[in-house]
Amino acid sequence: MFRPDGTVTAGNACPLNDGAAALVIMSSAKAAELGVQPLARIVSTGLSALSPEIMGLGPVIKDIDLVELNEAFAAQVLPSAEDLGIDHDRLNVNGGAIALGHPWGMTGARITTTPINSLPERGAGGADRHHCLPAAVHFGGHLRGHPAEGRDADPQACS
Numbered sequence: 001m002f003r004p005d006g007t008v009t010a011g012n013a014c015p016l017n018d019g020a021a022a023l024v025i026m027s028s029a030k031a032a033e034l035g036v037q038p039l040a041r042i043v044s045t046g047l048s049a050l051s052p053e054i055m056g057l058g059p060v061i062k063d064i065d066l067v068e069l070n071e072a073f074a075a076q077v078l079p080s081a082e083d084l085g086i087d088h089d090r091l092n093v094n095g096g097a098i099a100l101g102h103p104w105g106m107t108g109a110r111i112t113t114t115p116i117n118s119l120p121e122r123g124a125g126g127a128d129r130h131h132c133l134p135a136a137v138h139f140g141g142h143l144r145g146h147p148a149e150g151r152d153a154d155p156q157a158c159s
């Protein structure tokens with residue numbers, strides 16, 4: 001699987017593993033109707049294949065408490081984090097796919113729930129998660145801790 005003279009090794013690539021996850025997404029009205037306390041809200045999502053120099057204005061890295069990058073290979077995440085100016089203490093705080101494994105069918109759910117579950121323990125309010133797809137296409141989203149967690153004073157922001 002790995003070339004003897006290659007730079008991608010078992011030590012810097014994520015292992016394939018098995019896993020299962022489910023995300024239940026609903027409006028705040030539906031959550032209230034069901035008596036369910038949301039863990040987080042989706043602030044925004046996006047899909048892009050543009051150079052960052054020509055993208056629109058939005059949150060900058062210093063505005064984000066936690067960043068979860070899909071870490072298939074260390075050679076992918078390390079230069080991206082450096083280029084974007086992401087502090088290592090805010091990046092993949094529970095370990096990325098190299099540490100946790102890469103369950104292909106649930107990677108999107110895993111990189112969404114990992115920062116959600118990390119927000120309360122770190123007293124953080126917002127998290128970004130990013131997933132890379134073939135052909136340099138990127139999709140990502142911005143998540144916010146639920147107001148009941150004390151991280152967002154605007155209850156209408158969850159609707």
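FYI, UniProt numbering numbers position 129 of the sequence shown as 129, with every residue one higher than the one before it. Positions of the beta carbon are idealized from the N, C-alpha and C atoms, including for glycine. No experiment lies behind these values; they were computed from the predicted model shown.
Can you tell me where the alpha helix (DSSP H) holding residue i begins and where it ends?
i	result
Glu121	107-122
Ile61	Segment: none, Ile61 is in no alpha helix (DSSP H) and carries neither H nor E.
Leu34	28-34
Ile98	97-100
Could you tell me how far apart the beta carbons of residue i and residue j are, in whole angstroms, since I believe they sit closer than 8 Å?
i	j	result
Arg122	Val93	7 Å
Ile98	Ala74	6 Å
Gly19	Arg110	7 Å
Start and end of the beta strand (DSSP E) containing residue i?
i	result
Glu68	66-69
Helix, strand or coil for residue i, going by three-state DSSP, please let me know.
i	result
His77	Residue 77 is actually Val in this sequence, not His. Val77 falls in the helix class under three-state DSSP.
Ile86	coil
Out of curiosity, what's the CA-to-CA distance linking residue i and residue j?
i	j	result
Cys132	Met106	Only weak support exists for where Cys132 lies, its pLDDT of 41 falling under 50; the value from the coordinates is given anyway. Between Cys132 and Met106, the C-alpha separation is close to 14 Å.
Asn70	Gly35	33 Å
Ala32	Met26	10 Å
Ala157	Lys30	Below a pLDDT of 50, predicted positions are generally treated as unreliable, and Ala157, at 36, falls in that range; the measurement from the model is reported next regardless. Looking at the two C-alpha atoms, the distance is approximately 15 Å.
Gly85	Ala40	25 Å
query: Given 8 Å as the limit, is there contact between the stretch 101-110 and the stretch 8-25, that is, 3 or more CB pairs closer than that?
result: yes
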